[in-house]
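The next block holds one structure in the form of structure tokens; read it before the comments.
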Amino acid sequence: GESVGLHLPTLSVQEGDNSIINCAYSNSASDYFIWYKQESGKGPQFIIDIRSNMDKRQGQRVTVLLNKTVKHLSLQIAATQPGDSAVYFCAVFLYNQGGKLIFGQGTELSVKP
Amino acid sequence: NAGVMQNPRHLVRRRGQEARLRCSPMKGHSHVYWYRQLPEEGLKFMVYLQKENIIDESGMPKERFSAEFPKEGPSILRIQQVVRGDSAAYFCASSPQQGHSSTGNTIYFGEGSWLTVV
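Protein sequences, first through last, are from chains A and B.
Start counting the first sequence at 7; every next residue gets the next number (the numbering used here).
Start counting the second sequence at 26; every next residue gets the next number (the numbering used here).
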């Protein structure tokens with residue numbers, strides 16, 4: 007199976023600072039990872055994804071880092087803004103188990119103005 | 026291109042009634058996933074369907090819950106004889122094939138259906 011855990015349930019940062027949200031997974035066969043952002047009362051919104059043949063991928067203000075050796079994933083948000091306040095989930099895709107996403111518990115990011 | 030559409034957004038049912046939640050995947054997507062989210066928790070996988078086939082239902086409760094994705098029309102998650110513990114947000118997601126990281130070929134979620142059982 008697979009278990010996915012985030013290191014901190016809450017994270018508070020100052021507006022303009024960088025945010026780092028961490029995630030650990032258990033199954034070394036996992037090969038596709040996605041970060042989602044969920045605002046209150048809404049569905050998970052795709053942010054960025056990465057495959058296991060990469061160790062870094064960048065988007066607009068976001069970077070995902072993958073360390074397969076220690077089975078660790080992180081999401082970095084540059085110049086955090088109040089609109090970034092939300093719950094962030096990492097999700098691991100399991101091809102070898104019929105194809106489904108396993109979600110972590112989520113980290114709630116609060117941005118202080 | 027419309028996203029994943031779910032309805033109803035909010036549904037109130039009395040204990041013992043039936044709840045039907047609908048999901049129309051994104052255009053061109055033939056894979057549908059249902060997830061349940063309890064307050065303050067992450068999303069729990071329920072079922073994965075392709076057109077007319079259930080691929081993985083390992084997360085579905087053994088009783089009262091069923092899902093389908095017919096050849097025509099939306100995917101339906103059906104909960105019979107609802108109980109208070111069924112109160113949750115139910116999310117549908119879709120992908121064009123098994124999600125992978127080619128541009129655009131990932132798994133997108135709808136805005137959810139919030140079920141309240143009174």
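Note that beta-carbon positions come from the ideal geometry of N, C-alpha and C, so glycine has one too.
This one's a predicted model, so the numbers in the text were calculated from it and none came from an experiment.
Helix or strand or just coil, what does DSSP make of residue i?
i	result
residue 28 of chain B	coil
residue 11 of chain A	strand
residue 109 of chain B	helix
residue 121 of chain A	The structure shown does not extend to residue 121 of chain A, since chain A is modelled only from 7 to 119, so the question has no answer here.
residue 143 of chain B	coil
residue 28 of chain A	strand
residue 128 of chain B	Unreliable positioning characterises residue 128 of chain B in this predicted model, as indicated by a pLDDT of 44, which lies under 50. A coordinate reading is not provided.
residue 55 of chain A	strand
Excluding the five sequence neighbours on either side, which residues of its own chain have a C-beta within less than 7 Å of the C-beta of residue i, listed in chain order?
i	result
residue 45 of chain B	101, 103
residue 148 of chain B	Because residue 148 of chain B is not part of the residues shown, which for chain B are 26 to 143, the question remains open.
Comparing C-alpha positions only, which one of the options sits nearest to residue i?
i	options	result
residue 62 of chain B	B:37, B:131, B:110, B:41	B:110
residue 105 of chain B	B:91, B:52, B:96	B:91
residue 133 of chain B	B:53, B:66, B:42	B:53
residue 90 of chain A	A:77, A:76, A:60, A:27	A:27
residue 10 of chain A	B:115, B:136, B:67, B:117	B:67
residue 77 of chain A	A:51, A:65, A:96, A:47	A:96
residue 43 of chain A	A:74, A:100, A:68	A:68
residue 85 of chain B	B:28, B:43, B:71, B:34	B:71
residue 82 of chain A	A:75, A:98, A:65	A:65
residue 40 of chain A	A:70, A:75, A:59	A:70
residue 60 of chain A	A:21, A:51, A:46, A:75	A:75
residue 29 of chain A	A:19, A:45, A:80, A:58	A:80
Please go through the same chain and pick out, in chain order, the residues whose beta-carbon is closer than 6 Å to the beta-carbon of residue i, but skip the five residues on each side of it.
i	result
residue 32 of chain B	47
residue 49 of chain A	none
residue 81 of chain B	73
residue 114 of chain A	16, 93
residue 114 of chain B	62, 137, 139
residue 77 of chain B	96
Check the C-beta distance from residue i over to residue j and give it rounded, since I have them as a contact under 8 Å.
i	j	result
residue 53 of chain A	residue 72 of chain A	Not a contact, Cβ separation roughly 14 Å.
residue 49 of chain B	residue 30 of chain B	4 Å
residue 36 of chain A	residue 117 of chain A	No, residue 36 of chain A and residue 117 of chain A are not in contact; Cβ-Cβ is about 30 Å, not under 8 Å.
residue 107 of chain B	residue 34 of chain B	Not confirmed; about 17 Å, so no contact.
Inside the stretch 41-106 of chain B only - beta strand (DSSP E) runs reaching at least 3 residues = 44-49, 56-62, 68-75, 78-81, 90-93, 100-104
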